[in-house]
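Peer 1: Numbering (our numbering), first residue to last: 19 to 593.
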Amino acid sequence: MLRVANCSGFYGDRLSAAREMVEGGPIDVLTGDWLAELTMLILAGNRLKGRPGYAPTFLRQLEEVLGTCLERGIKIVSNAGGLDPAGCAEAVAELAGRLGLPARVAHVTGDDLTGRDLGGAPNADTGERLPATALTANAYLGGRPIAAALSAGADVVVTGRVTDAALVTGPGIWRYGWGPGDLDALAGSVVAGHVIECGCQATGGNYAFFGEVPDLARCGFPLVELEADGSSVVTKHPGTGGLVSVGTVTAQLLYEIGSPRYLGPDVVARFDTIRLEQEGPDRVRVSGVRGEAPPDTLKVAVNYLAGYRNTMTLVLTGLDIEAKARLAEEAVWSRVPKESFDEVHVELTPLAGTALLRVTVMDADRRKAGRAFSSAVVETGLASYPGFYGLTPPGDASPYGVYWPTLVPAETVRARVWLDGRELDQAPDASWTPPAGGDGLPASAPPEESPRRDARNGDGEDGEKETVRVALGAIVGARSGDKGGNANLGVWVRTAEQFRWLEGHLTVERLARLLPSTAGLRVERFELPNLLALNFVVHGLLGRGVAASPRLDAQAKALGEELRAQLADIPRHLL
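#1: Would you mind giving the Cβ-Cβ distance between Val40 and Pro189, rounded to the nearest angstrom? I have them listed as a contact below 8 Å.
#2: What is the residue span of the alpha helix (DSSP H) that Trp436 lies within?
#3: Would you mind giving the Cβ-Cβ distance between Thr424 and Val318, rounded to the nearest angstrom? I have them listed as a contact below 8 Å.
#4: Pull up the distance between the alpha-carbon of Ala107 and that of Val486, whole angstroms please.
#5: Once DSSP output is grouped into helix, strand and coil, what is the label at Thr430?
#6: At a cut of 8 Å, does the stretch 545 to 559 reach the stretch 498 to 516 through at least three beta carbon pairs?
#7: Assign His212 to buried or exposed, taking buried as 16 or more other Cβ atoms, counted over all protein chains shown, within 10 Å of its Cβ.
#8: Check Glu215 in the structure and name its three-state DSSP category.
#9: What whole-angstrom Cβ distance do Val320 and Thr154 have, given they're in contact under 8 Å?
#10: Quick one: give me the first and last residue of the beta strand (DSSP E) that Met380 is part of.
#11: On the DSSP bridge list, what partners appear for Gln296?
#12: Taking only runs of the alpha helix (DSSP H) that begin and end inside the stretch 510 to 559, which ones reach a length of at least 4 residues, in chain order?
#13: Specify the secondary structure class of Lys575 as computed by DSSP and reduced to three states.
#14: Between which residues of its own chain and Ala104 is the CB-CB distance below 6 Å, once the five residues before and five after are set aside?
#15: State the DSSP-derived secondary structure class of Arg590, mapped to helix, strand or coil.
#16: Please classify Pro355 as buried or exposed, where buried requires at least 16 neighbouring CB atoms within 10 angstroms.
#17: Identify, in the order they occur along the chain, each residue of the same chain with its Cβ nearer than 7 Å to the Cβ of Ala574, setting aside the five sequence neighbours on each side.
#18: Where do the N-terminal and C-terminal ends of the beta strand (DSSP E) with Gly50 fall, by residue?
#19: Could you give the DSSP three-state label for Thr331: helix, strand or coil?
#20: In or out: Asp173 buried (at least 16 other Cβ within 10 Å) or exposed?
#21: By Cβ distance below 6 Å, which residues in the same chain neighbour Val564 in space, the five residues on each side in sequence not counted?
#22: Could you pull the DSSP bridge partners for Ala157 from this structure?
#23: Report all residues from its chain with a CB closer than 6 Å to the CB of Glu295; omit the five preceding and five following residues, and keep chain order.
#24: Taking the Cβ atom as the reference point for each residue, do Asn328 and Ser392 lie within a distance shorter than 7 Å?
#25: Out of Glu515, Met58, Leu520, point me to the one whose CA is closest to Val494's CA.
#26: Going by the beta-carbon positions, is the gap between Trp192 and Ala165 smaller than 7 Å?
#27: So with Cβ pairs under 7 Å, would you call Ala107 a contact of chain C?
#28: At what residues does the alpha helix (DSSP H) containing Gly265 begin and finish?
#29: Alpha carbon to alpha carbon, what distance is there between Glu347 and Leu281?
#30: Using only alpha-carbon positions, find the residue among His255, Asp338, Asp247, Glu357 that is nearest to Arg308.
#31: Is it buried or exposed for Pro149, if we count other Cβ within 10 angstroms and need 16 for buried?
#32: Would DSSP call Asn224 helix, strand or coil?
#33: If distances are taken between C-alpha atoms only, which option among Gly259, Gly68, Gln219 comes closest to Gly42?
#34: Roughly how many whole angstroms lie between the Cα atoms of Gly138 and Arg147?
#35: Helix, strand or coil for Gly481 per DSSP?
#36: Straight-line CA distance for Pro534 to Val526?
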């Protein structure tokens with residue numbers, strides 16, 4: 019068994035988590051995920067300002083635990099290297115030297131494709147051609163470079179852009195010697211990595227049924243006990259808050275996914291084969307995961323600077339909200355013509371007794387999108403709707419970037435591994451296997467792809483006669499998030515009978531009626547009956563990605579809760 023713990027789910031997560039995971043119980047590997055799609059753009063901005071292109075918070079966590087980890091033989095694996103893994107590794111080595119600790123530090127490079135001809139970089143979602151010079155371009159590497167670094171004797175491994183799950187798959191390859199043909203074991207490790215990559219989201223954080231989670235304010239971070247066959251147990255340290263249940267694990271499995279075929283550089287993991295079982299309090303067994311050979315392409319995250327943006331938010335209160343919103347817009351556009359901007363987005367968000375009117379403008383000219391716009395909004399303050407006030411003073415425009423996913427042939431990307439500043443001789447390509455060899459686990463044939471329904475499907479009919487009109491959230495859990503310009507919305511229930519109803523009831527058409535923001539967009543629906551779940555992918559909801567999205571909920575984090583609040587006629591016996 020290999021115990022892999024997580025201490026960070028994003029750049030900005032709890033600084034004490036590394037110490038909590040090291041001191042809270044036995045672990046073999048400490049991992050942390052610092053890189054979201056938006057983070058690469060943030061780090062690029064930091065680097066342009068002369069700041070590190072990596073996550074300095076990693077060093078703050080490391081200072082508290084490095085000595086204990088070396089003493090106990092705990093390996094440390096992190097993608098906190100961001101845009102500068104070499105610089106991050108150098109900083110780790112300096113930290114170890116200052117602490118008088120004999121740490122061997124490795125770093126992985128090869129993901130940075132900035133400056134390379136990407137063949138026009140067609141957008142993997144829309145097919146459009148990249149319209150500007152890339153500020154950053156990073157391929158998603160897999161777990162084998164991490165395994166190579168650990169096999170060479172590294173105590174700390176720092177990477178740039180790797181898949182989030184690679185932080186678990188890499189140690190798994192190192193410990194168990196999985197070769198490229200051990201597809202099921204690799205797929206199991208990918209699923210384990212996906213469960214713990216977002217920290218406390220696997221242990222009750224952001225959970226739809228949060229009232230069931232004890233002591234959530236002191237939620238413990240997750241760890242997985244990974245076995246040689248790729249199966250695992252998700253758990254947390256004793257004495258910590260939170261909850262590990264089939265529900266909390268299901269919620270995280272549904273986070274930021276698309277098709278049940280979860281593509282990665284090491285393997286395609288079939289999420290429609292995952293089996294979950296409550297093994298005991300705060301222990302969920304994950305098994306049965308099947309794998310397929312990985313695609314011959316790698317995903318590349320490209321970011322480019324697209325211009326400047328500015329947002330002003332006005333508050334509308336009381337009666338005639340929509341009429342007040344129309345008047346507010348007319349007053350603003352009479353001062354600064356709407357047509358003068360490259361892009362304009364207006365969003366009216368109803369609240370209890372009030373509403374927020376967000377007006378966002380985007381333009382290549384910073385002056386047009388700056389105070390010329392925000393001051394014009396303020397100038398309408400005495401000639402607009404009754405009760406006028408805003409949430410922000412007039413301000414300048416800020417630059418914004420666009421996230422652009424594209425694909426490149428995997429054979430054109432070469433990972434490089436460095437240990438204590440010297441490059442390892444053997445490049446860990448897709449066929450690399452640790453010197454210890456694998457366990458010879460057979461790769462089984464993949465199952466047929468699970469069925470998919472899209473906007474052509476009709477509404478299902480409920481056969482029950484006695485229904486109760488209540489919120490969907492009475493029986494349905496949900497978790498949503500961003501995937502570039504798309505949003506994913508996973509929903510699940512707790513019993514097979516509830517799933518039969520949900521599968522027939524929540525069609526793409528009905529989703530559009532319940533969530534008007536999705537109407538008119540291409541929506542895919544995927545069934546995951548093994549998880550009693552459906553997953554919807556809403557194409558284009560977030561425009562050109564989180565950094566460019568003008569939505570109040572720019573990362574679609576609340577889309578699932580918005581759905582759960584909608585009313586439905588649910589058979590009484592399912593409640």
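Beta carbons: idealized from backbone N, C-alpha and C, even for Gly.
Peer 2: The relevant details are as follows:
#1: Rounded, the Cβ-Cβ distance is 16 Å, inconsistent with contact.
#2: Here Trp436 belongs to no alpha helix (DSSP H); instead the beta strand (DSSP E) covers 434 to 437.
#3: 5 Å
#4: 59 Å
#5: helix
#6: yes
#7: Around the beta carbon of His212, a 10 Å sphere encloses 16 or more other beta carbons of the protein chains shown; the residue is thus reported as buried.
#8: In the structure shown, Glu215 sits in coil (DSSP, three-state: anything other than H, G, I, E or B).
#9: 7 Å
#10: 372 to 381
#11: When beta bridges are read from the DSSP output, Gln296 appears opposite Val302.
#12: Counting whole runs of 4 or more residues, the stretch 510 to 559 contains the alpha helix (DSSP H) stretches 514 to 523, 526 to 532.
#13: Three-state result, Lys575: coil.
#14: His125
#15: helix
#16: Result: exposed.
#17: Excluding residues within five positions, the ones whose Cβ falls inside 7 Å are Ser498, Gly499, Asp500, Ala505, Leu559, Leu560.
#18: 47 to 50
#19: strand
#20: buried
#21: Contacts found: Leu56, Asp500, Ala572, Gln573.
#22: Val318
#23: Arg303
#24: yes
#25: Leu520
#26: When the beta-carbon positions are compared, Trp192 and Ala165 come within less than 7 Å of each other.
#27: You won't find chain C in this structure, because it holds only one protein chain.
#28: 264 to 271
#29: 44 Å
#30: Asp247
#31: The residue in question, Pro149, is exposed, as its Cβ has fewer than 16 Cβ neighbours within 10 Å.
#32: Assigned with DSSP and collapsed to three states, Asn224 falls in coil, not helix or strand.
#33: Gly259
#34: 6 Å
#35: With a pLDDT of 49 at Gly481, under the threshold of 50, the predicted position of this residue should be treated as unreliable, though the coordinate-derived value follows. Coil at Gly481, not helix or strand.
#36: One C-alpha to the other measures close to 12 Å.
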